[in-house]
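Asker: Right, I'll just put the structure down here and ask away after.
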């Protein structure tokens with residue numbers, strides 16, 4: 028074959044080996060993507076994320092009024108001293124964070140409750156609000172325990188985490204709401220007569236930026252501190268994928284839900300009370316789903332994969348057949364599946380040692396033996412039975 032014929036063949040027909048390689052690579056990439064999406068979908072289904080979102084939405088609903096009570100009581104007391112107008116602006120800002128008329132109804136109810144309550148009644152209400160608000164983070168720990176395959180903390184550490192996260196959330200929300208009032212004041216300085224379009228744009232953009240930073244900080248703290256994981260997993264570097272996805276979806280969801288409610292979801296069609304309940308439950312359900320979806324992304328990025336069965340299937344395999352055959356997933360037993368933080372509080376370990384001592388048939392005693400101290404006093408070698416007893420107790 029001449030060079031001219033070869034040139035015609037090359038120009039008219041592509042080389043078959045190159046085409047085959049390219050098609051193989053494209054098929055491999057699409058197959059990997061389908062396998063990844065399919066595995067991720069299986070994981071969130073087996074982890075019961077849709078059911079957990081309903082559980083979490085109910086806890087959000089139960090904690091919403093107490094959190095607003097604490098928030099308005101803390102910020103309102105400060106702003107009432109500074110300016111009554113600032114207090115009204117605070118209530119409008121909090122109401123604007125919730126969709127439609129829901130925020131207005133809740134904020135008016137909380138503010139009325141604060142004005143009518145006084146003295147001991149107000150103190151009892153705040154204490155009840157602290158307890159109800161902290162239970163939300165206890166439920167979050169349980170949901171993350173299913174997603175990350177973790178055991179819960181002991182009661183002391185669990186409540187310390189819950190109250191600490193509640194205090195952190197209240198401080199962040201208070202600062203964010205107080206700071207979000209500033210753009211309106213700055214716009215008044217730039218455009219006192221409010222005649223141009225620059226003022227509303229600056230005010231809206233400033234508030235959006237503040238709320239985005241607050242969501243980034245709040246959701247990041249939830250993913251870092253709520254799951255009972257070791258120090259290596261409690262870093263922003265290990266959780267940034269889920270944080271970014273959850274924050275972006277949350278900001279988009281805020282705008283999309285308002286449009287959905289305005290054009291399609293008419294609360295009046297269900298009646299005043301039923302419409303209010305339906306709208307707030309739907310809003311909180313998808314809010315909880317976004318939060319759990321970000322945790323699932325972090326779990327997947329860490330190398331954890333779906334179990335072979337869902338939660339009822341795993342429990343049946345373990346309890347009924349005393350085996351994990353047919354229930355454990357492909358990564359069961361691998362290092363990436365172990366994120367557990369095994370430390371417990373001293374008081375819990377002490378109580379377990381006392382109960383273990385009584386259960387072994389020894390006499391009840393609140394004082395555990397200190398064999399090292401006795402060894403220093405007697406200068407005698409410690410018998411093997413005492414060593415085993417010390418290890419069992421401590």
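Residue numbers (my numbering): 28 to 421.
Beta carbons are placed, not taken as given, at the ideal position from N, Cα and C, and that holds for glycine.
Which residues share a DSSP beta bridge with residue 256?
Answerer: Taking the chain shown and counting its residues from 1, the one referred to as residue 256 is at position 229. Residue 256 is bridged to 367.
Asker: Apply the 10 Å Cβ neighbour rule to residue 76 and answer buried if 16 or more other Cβ atoms are within range, or exposed otherwise.
Answerer: To locate residue 76, count along the chain shown from 1; it is residue 49. By the neighbour-count rule (16 or more Cβ atoms within 10 Å), residue 76 is buried.
Asker: Roughly how many angstroms lie between the CA atoms of residue 190 and residue 55, to the nearest whole one?
Answerer: As a working note, residue 190 is residue 163 in the chain shown. As a working note, residue 55 is residue 28 in the chain shown. Each residue's Cα considered, the two are about 49 Å apart.
Asker: Within 10 Å of its beta-carbon, does residue 262 have 16 or more other beta-carbons around it, so buried, or fewer, so exposed?
Answerer: Counted from its first residue, the chain shown places residue 262 at position 235. It counts as exposed.
Asker: Is it buried or exposed for residue 138, if we count other Cβ within 10 angstroms and need 16 for buried?
Answerer: Position 111 of the chain shown, counted from the start, is the residue given in the question as residue 138. Label assigned to residue 138: buried.
Asker: Drop a sphere of 10 angstroms on the beta-carbon of residue 98, count the other beta-carbons inside from all chains shown, and report buried for 16 or more, exposed for fewer.
Answerer: Against the chain shown, residue 98 aligns to sequence position 71. Flag for residue 98 reads buried.
Asker: My understanding is that residue 356 touches residue 334, with C-beta atoms under 8 Å, so please give their C-beta distance in whole angstroms.
Answerer: Taking the first residue of the chain shown as position 1, residue 356 is located at position 329. Taking the first residue of the chain shown as position 1, residue 334 is located at position 307. About 4 Å separates the two Cβ atoms, so the contact holds.
Asker: Nearest to residue 233 by CA position, among 204, 253, 247, 255, is which residue?
Answerer: Locating residue 233 in the chain shown gives position 206, counting from the first residue. With distances taken between Cα atoms, residue 233 lies closest to 204.
Asker: Taking all protein chains shown into account, do 16 or more other C-beta atoms lie within 10 angstroms of the C-beta of residue 260, making it buried, or fewer, making it exposed?
Answerer: On the chain shown, position 233 is the one that residue 260 refers to. So residue 260 ends up on the buried side.
Asker: Looking only at its own chain, which residues have a Cβ that is under 7 Å from the Cβ of residue 340, when we skip the five neighbours before and after it?
Answerer: Reading the chain shown from its first residue, position 313 is the one you call residue 340. Result list for residue 340: 354, in chain order.
Asker: In the DSSP assignment, find the alpha helix (DSSP H) that holds residue 340 and state where it starts and stops.
Answerer: Counting from one through the chain shown, the residue named residue 340 turns up at place 313. Note, residue 340: alpha helix (DSSP H), 338 to 348.
Asker: So, helix, strand or coil for residue 240, using DSSP?
Answerer: The residue given as residue 240 occupies position 213 in the chain shown. It is helical.
Asker: Suppose the cutoff is 7 Å on Cβ atoms and the five residues either side in sequence are ignored; what does the same chain contact list for residue 267 look like?
Answerer: As a first step, residue 267 is located in the chain shown; it is residue number 240 there, counting from the start. Correct list: empty, nothing qualifies.
Asker: Between the Cα of residue 80 and the Cα atoms of 350, 159, 166, which residue gives the shortest distance?
Answerer: In the chain shown, residue 80 corresponds to position 53, counting from 1. Among 350, 159, 166, the Cα nearest to that of residue 80 is on 166.
Asker: Where residue 83 and residue 388 are concerned, what is the direct C-alpha to C-alpha distance, given to the nearest angstrom?
Answerer: The residue given as residue 83 occupies position 56 in the chain shown. The residue given as residue 388 occupies position 361 in the chain shown. Computed Cα separation, rounded: 43 Å.
Asker: Quick one: what's got a C-beta closer than 7 Å to residue 368's C-beta in the same chain, skipping five residues either side?
Answerer: The count along the chain shown starts at 1 and reaches residue 368 at position 341. Cβ within range, chain order: 255, 256, 257.
Asker: Using 8 Å as the limit for Cβ to Cβ distance, is residue 329 near chain D?
Answerer: No chain D is part of this structure, which consists of one protein chain only.
Asker: Where do the ends of the alpha helix (DSSP H) carrying residue 189 lie?
Answerer: If you number the chain shown from 1, residue 189 lands on position 162. Here the alpha helix (DSSP H) through residue 189 covers 182 to 207.
Asker: For residue 321, name the three-state secondary structure that DSSP assigns.
Answerer: As a working mapping, residue 321 is identified with position 294 in the chain shown. The answer is helix: DSSP assigns residue 321 an H, G or I state.
Asker: Restricting to Cα atoms, I'd like to know which of 321, 382, 350, 383 is closest to residue 171.
Answerer: As a working mapping, residue 171 is identified with position 144 in the chain shown. The candidate whose alpha carbon is nearest that of residue 171 is 321.
Asker: Assuming the contact rule is C-beta atoms closer than 8 Å, residue 74 and residue 174 should be a hit. Round their C-beta distance to whole Å, please.
Answerer: Within the chain shown, the letter at position 47 stands for residue 74. Within the chain shown, the letter at position 147 stands for residue 174. Rounded, the Cβ-Cβ distance is 5 Å, consistent with contact.
Asker: By Cβ distance below 6 Å, which residues in the same chain neighbour residue 207 in space, the five residues on each side in sequence not counted?
Answerer: Walking along the chain shown from the start, residue 207 turns up at place 180. The answer, listed in chain order, is 120, 234, 237.
Asker: In angstroms with no decimal places, state the Cα-to-Cα distance between residue 64 and residue 246.
Answerer: Sequence index remark: in the chain shown, residue 64 carries index 37 (1-based). Sequence index remark: in the chain shown, residue 246 carries index 219 (1-based). In a straight line, the C-alpha of residue 64 is about 24 Å away from that of residue 246.
Asker: Are the Cβ atoms of residue 346 and residue 176 separated by less than 8 Å?
Answerer: Counted from its first residue, the chain shown places residue 346 at position 319. Counted from its first residue, the chain shown places residue 176 at position 149. Going by C-beta atoms, residue 346 is not nearer than 8 Å to residue 176.
Asker: Three or more C-beta pairs closer than 8 Å, one from the segment 82 to 96 and one from the segment 310 to 318: is that the case here?
Answerer: A contact exists between the segment 82 to 96 and the segment 310 to 318.
Asker: If residue 117 sits next to residue 160, beta carbons under 8 Å apart, how far is it from one beta carbon to the other, in whole angstroms?
Answerer: Here the question's residue 117 lines up with position 90 in the chain shown. Here the question's residue 160 lines up with position 133 in the chain shown. No, residue 117 and residue 160 are not in contact; Cβ-Cβ is about 19 Å, not under 8 Å.
Asker: Please look up how many angstroms separate the CB atoms of residue 133 and residue 91, rounded, as I've assumed it's under 8 Å.
Answerer: Looking up residue 133 in the chain shown gives position 106. Looking up residue 91 in the chain shown gives position 64. Confirmed, Cβ separation roughly 7 Å.
Asker: Write down the C-beta distance between residue 168 and residue 253 rounded to the nearest angstrom, noting that I regard them as a contact closer than 8 Å.
Answerer: For the purposes of this step, residue 168 is taken as residue 141 along the chain shown, with counting starting at 1. For the purposes of this step, residue 253 is taken as residue 226 along the chain shown, with counting starting at 1. With 8 Å as the limit, residue 168 and residue 253 qualify as a contact, their Cβ atoms being about 5 Å apart.
Asker: Leaving aside the five residues before and after residue 193 along the sequence, list all residues of the same chain whose C-beta is less than 6 Å from its C-beta, in chain order.
Answerer: The residue you call residue 193 lines up with position 166 of the chain shown. So the qualifying residues of the chain are 160, 161.
Asker: By the three-class DSSP mapping on this structure, what secondary structure does residue 362 have?
Answerer: Mapped onto the chain shown, residue 362 falls at position 335. Three-state result, residue 362: helix.
Asker: Taking the alpha-carbon positions, what's the residue 319 to residue 377 distance?
Answerer: Residue numbering aside, residue 319 sits at position 292 when the chain shown is read from its first letter. Residue numbering aside, residue 377 sits at position 350 when the chain shown is read from its first letter. So the alpha carbons of these two residues sit roughly 35 Å apart.
Asker: Helix, strand or coil: which one does DSSP assign to residue 357?
Answerer: Walking along the chain shown from the start, residue 357 turns up at place 330. DSSP places residue 357 in coil when its eight states are reduced to three.
Asker: Would you please state the rounded distance, in angstroms, between the beta carbons of residue 249 and residue 280? I believe it to be under 8 Å.
Answerer: Stepping through the chain shown from its first residue, residue 249 is reached at position 222. Stepping through the chain shown from its first residue, residue 280 is reached at position 253. That pair is no contact at about 17 Å.
Asker: Alpha carbon to alpha carbon, what distance is there between residue 69 and residue 62?
Answerer: Taking the first residue of the chain shown as 1, we reach residue 62 at position 35. Taking the first residue of the chain shown as 1, we reach residue 69 at position 42. Between residue 62 and residue 69, the C-alpha separation is close to 10 Å.
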